[in-house]
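> Count the sequence shown with the numbering used here and you get residues -5 to 206, in order.
Cβ atoms here follow ideal geometry from the backbone N, Cα and C, with glycine treated the same way.
Okay, here's the structure, questions in a sec.
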Amino acid sequence: MKIQFIAIAVAVAGVAAIAQDRMVHSHFTKSPIVIREMGTDTMMIIDKWMPEPKKVAMKMIDKYGQPNEATKHRLIWWDNGPWKYSILENVEIPHDFPMPHKDMLRQVINYKVMPDKVDDLSSYDGSVIFDRTPGELSARCDKEEANFLAINLAHDVVTGKRSVKDARKFYAMTIKASMAMTATSEQKEYMMGLTFKQPMMMTNAPDTPYRE
């Protein structure tokens, strides 16, 4: 009798543990219904966006799925592909390099830039942004391929592989070749993903307290 009681108790405990595990799992995992609702909400948001940001949003959702965060002004994906995060805003920022277009998609990686190279980055492309304190490098353009190109060339500038002049020329020629569908294998590589391994070390620079 005692053995039967113990067996029943163990079985009940096992069922309870499974139920709790399912509850915890469902708490952190979106069900298909929640995902559909989230997708519907996202579509309702971007349906009111300007044409170019809306087009980019559709491409990003097709590639990376629904954003992790969504407001009426922006969508954010965390840890999507090689990016630390990607922010798409319903804006069209005029940018004339290498030819007139609008910027709206900013994509970020962890990256460290020495102080003596920051000016070179600014001279290379105003839409390549280094944020020293968190140790982040980002590119902002109208498509992910252009952001890959911008970040890869920024790495070339920082590491001394290319001068600012050479990087700007390669960027311009690559964009033009891509539009004409005549890009070389090297140009395609620079637009398909990161050409370098992201650093494993900490890239942030918290600075030091001010003391008189």
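If you draw a straight line from the C-alpha of residue 71 to the C-alpha of residue 62, how long is it?
Computed Cα separation, rounded: 5 Å.
> Can you name, in chain order, every residue of its own chain whose Cβ lies under 6 Å from the Cβ of residue 43, other than the five neighbours on each side?
84, listed in sequence order.
> Would you mind sorting residue 206 into buried or exposed? The rule is 16 or more other CB atoms within 10 Å of its CB.
That one is exposed.
> Take the Cβ of residue 102 as the centre, count every other Cβ of all protein chains shown within 10 Å, and call the residue buried at 16 or more, exposed below.
Classification for residue 102: buried.
> Can you tell me where the beta strand (DSSP E) holding residue 79 begins and where it ends?
Element bounds for residue 79: 79 to 89.
> Can residue 160 and residue 121 be called in contact, C-beta distance under 8 Å?
Cβ atoms of residue 160 and residue 121: not closer than 8 Å.
> Which residue or residues does DSSP assign as beta-bridge partners of residue 125?
Per DSSP, 130.
> Pull up the distance between the alpha-carbon of residue 174 and that of residue 204, whole angstroms please.
Distance between the alpha carbons of residue 174 and residue 204: 54 Å.
> Indicate the three-state DSSP secondary structure (helix, strand or coil) for residue 141 in the structure shown.
Here residue 141 sits in helix by DSSP.
> I need the boundaries of the beta strand (DSSP E) containing residue 50, first residue and last residue.
First-last for residue 50: 45 to 58, but that is the alpha helix (DSSP H), not the beta strand (DSSP E).
> Ordered along the chain, which non-local residues of its own chain (more than five positions away) have a Cβ less than 8 Å from that of residue 192?
Answer for residue 192: 76, 103, 104 and 105, listed in chain order.
> Are there 16 or more other CB atoms within 10 angstroms of the CB of residue 66, so buried, or fewer, so exposed?
It is exposed - the Cβ of residue 66 has fewer than 16 other Cβ atoms within 10 Å.
> So, residue 118 versus residue 143, is the Cβ gap smaller than 8 Å?
No. Outside cutoff.
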